[in-house]
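The structure appears below as structure tokens.
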Amino acid sequence: MSGSINTASKRLDGAKLSTNAAIVAAIGLLLSALGLTMDPQRFSYAWLWAYLFFWSAALGGLFFVALQHLTGSIWSVVIRRVAESFAAQMWVVALFAVPILAFAWFGDSFHLFPWLDVHHVEGDEVLAGKQPYLNVVFLSLRIVVFMGVWVLASHFFVTRSLAQDAKGAGRNEGTKKMRSWAPAFMLFFGLSVTFTGFDLMMSLDPHWFSTIFGVYTFAGVFVTGLAVIILGVVFLRSRGVLDADVVRPDHLHSLGGLLFAFSCFWAYIAFSQYMLIWYGHLPEETSWYTDRFVGGWGTVSGALAIVRWVIPFFLLLSRKAKTSPRRLALVSVIAIFGQLLDLYWVIMPQLHTNGPVLSWPELGPLLAMGGILVWLLTRFFARHPAMAVGDPLLTQSVEYRL
Numbered sequence: 030m031s032g033s034i035n036t037a038s039k040r041l042d043g044a045k046l047s048t049n050a051a052i053v054a055a056i057g058l059l060l061s062a063l064g065l066t067m068d069p070q071r072f073s074y075a076w077l078w079a080y081l082f083f084w085s086a087a088l089g090g091l092f093f094v095a096l097q098h099l100t101g102s103i104w105s106v107v108i109r110r111v112a113e114s115f116a117a118q119m120w121v122v123a124l125f126a127v128p129i130l131a132f133a134w135f136g137d138s139f140h141l142f143p144w145l146d147v148h149h150v151e152g153d154e155v156l157a158g159k160q161p162y163l164n165v166v167f168l169s170l171r172i173v174v175f176m177g178v179w180v181l182a183s184h185f186f187v188t189r190s191l192a193q194d195a196k197g198a199g200r201n202e203g204t205k206k207m208r209s210w211a212p213a214f215m216l217f218f219g220l221s222v223t224f225t226g227f228d229l230m231m232s233l234d235p236h237w238f239s240t241i242f243g244v245y246t247f248a249g250v251f252v253t254g255l256a257v258i259i260l261g262v263v264f265l266r267s268r269g270v271l272d273a274d275v276v277r278p279d280h281l282h283s284l285g286g287l288l289f290a291f292s293c294f295w296a297y298i299a300f301s302q303y304m305l306i307w308y309g310h311l312p313e314e315t316s317w318y319t320d321r322f323v324g325g326w327g328t329v330s331g332a333l334a335i336v337r338w339v340i341p342f343f344l345l346l347s348r349k350a351k352t353s354p355r356r357l358a359l360v361s362v363i364a365i366f367g368q369l370l371d372l373y374w375v376i377m378p379q380l381h382t383n384g385p386v387l388s389w390p391e392l393g394p395l396l397a398m399g400g401i402l403v404w405l406l407t408r409f410f411a412r413h414p415a416m417a418v419g420d421p422l423l424t425q426s427v428e429y430r431l
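Everything in the sequence shown is counted per my numbering, starting at 30 for the first residue and increasing by one.
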């Protein structure tokens, strides 16, 4: 068994992948620059869409790491480093948020948030009543504080995990510190994710409100985090960086079970939100769904339920499916597409009222951010072990059986 664990110190040889990611990022940045000059408002919506997706991936990874420390999980130790790799990129996700602050402060040029338009607010009692919360200074403060804590938390968890690698297995000082701070972070995580959903998505239609929208946002974040973690594990396993004798079908099954469960959780929350608004039948609430059931958006609404729940449910229903790397990778790709579709469905009807519009202006920010993050991830695994080799519970995690 110790021989298997020693293979955990392997590094990723990702030179080709890193080069390709840099090329994709350069193309994305070029398209983003063109989009900004040609149609600033459309660019601001496209940037917000891409930002919220990669924010979901990084924050989902950070949540997974904190959750494992909070629960004292043993099974996840062998794959936790993959989640840490995504959490470690929170600092660059914070940089991606800087343009959103610019969209808010220079609202006359981008028209992203309608509540920033003085003429839009004048004579509107609802928006006037929300001004103490919906104002550019308070919005900026929330974004900066949330991002600052997320970056500090990711640095805390990742650096201590890496430090244990240098000290060697059996040293548990870092593990104790991470476990002691995990509960406090979880409390902050719940509040910050909720208010981020309010600020960057729900406020695009400032008259609309849903008290369950924060939970809806969380469901999307964690499903995305699980999907990218699974893809990372399957990729590293296929490259031999993670040994198949160490990351066993039992570990894959646990990851698949979580993805299956939280895909169902997303469906439950999405249906609950819709059902309560439909039953209440209040115009200020139903209008948000009405906008998403007319024109081409009706097709997107139907596709969303299929992609986000129906397909993952049936593809992961059996035990065998949850232990198959190919099946897990396929469902993870579908889950990632589902999050992109979900965010597009939430954000874009405010700009394109007649139906979805997707072209190079929307793809530019996705390619730019995605290329940068993949480049950073390849560098992370080229420099660090793909497994937490210094974690005192590593041996027990390798021996984990269902």
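Backbone N, C-alpha and C define an ideal beta-carbon position, used for all residues, glycine too.
About 6 angstroms separates the beta carbon of Leu423 from that of Ala417, a gap short enough to meet the 8 angstroms contact definition. The beta-carbon distance between Leu124 and Ser73, rounded to whole angstroms, is 17 angstroms. This is too long to meet the 8 angstroms contact definition. DSSP places Phe294 inside the alpha helix (DSSP H), whose first and last residues are Pro278 to Gly309. Taking every protein chain shown into account, the CB of Glu113 has 16 or more other CB atoms within 10 angstroms, so this residue is buried. The C-beta distance from Thr253 to Ile103 rounds to 25 angstroms, too long to meet the 8 angstroms contact threshold. Between Gly90 and Ile258, the gap from beta carbon to beta carbon is short of 8 angstroms. For a cut-off of 8 angstroms, the C-beta gap from Ala211 to Leu284 is around 20 angstroms, too long to register as a contact.
Looking from the CA of Gly219, the closest CA among Ala126, Phe251 and His413 belongs to Phe251. With a cutoff of 8 angstroms on beta-carbon distance, Trp237 and Glu314 are scored as near each other.
Pairing Arg321 with Leu58, the inter-Cα distance amounts to about 30 angstroms.
Here Arg277 is buried. Its C-beta has 16 or more other C-beta atoms within 10 Å. Asp146 and Asp68 have their C-alpha atoms spaced approximately 18 angstroms apart. In this structure, Ala87 places its C-beta atom within 8 angstroms of the C-beta atom of Val122.
The C-alpha of Trp404 is placed about 10 angstroms away from the C-alpha of Val53. Taking all protein chains in view, the Cβ of Met304 is surrounded by fewer than 16 other Cβ atoms within 10 Å, so the residue is classified as exposed.
Scanning Arg71, Val323, Thr66 and Leu81 for the CA closest to the CA of Gly399 turns up Leu81. Apart from the 5 residues on each side of it in sequence, Thr407 sits with its Cβ closer than 6 angstroms to the Cβ of Gly43, Leu46 and Ser47 in its chain, given in chain order.
Under the three-state reduction of DSSP output, Arg40 falls in the coil class, being neither helix nor strand. In this model, Met215 and Asp420 are separated by some 22 angstroms (Cα to Cα). Linking Thr352 to Arg40 through their CA atoms gives a straight-line distance of about 24 angstroms. Here the region 334–350 lies against the region 364–382, with 3 or more beta-carbon pairs under 8 angstroms apart. Rounded to whole angstroms, Arg430 and Asp279 show a C-alpha spacing of 6 angstroms. Cβ-Cβ separation between Leu265 and Val111: approximately 7 angstroms, consistent with a contact (criterion under 8 angstroms). DSSP places Ile340 in the helix class (H, G or I) of the three-state scheme. Beyond the five residues adjoining it in sequence on each side, Leu60 comes within less than 6 angstroms, by CB distance, of Trp389 and Gly393 in the same chain, given in chain order.
Taken in chain order, the region 359–387 contains no complete beta strand (DSSP E) segment of 3 residues or longer. As summarised for the region 154–202, the continuous alpha helix (DSSP H) elements at least 4 residues long and confined to that stretch are 154–159 and 165–196, given in chain order.
Taking the Cα positions, Thr66 is about 52 angstroms away from Glu202. Nearest to Phe291 by C-alpha distance, out of Asp272, Trp326 and Tyr245, is Tyr245.
Judged by beta-carbon spacing, Ser183 lies within the 8 angstroms limit of Ala116, meaning their Cβ atoms are closer than that value.
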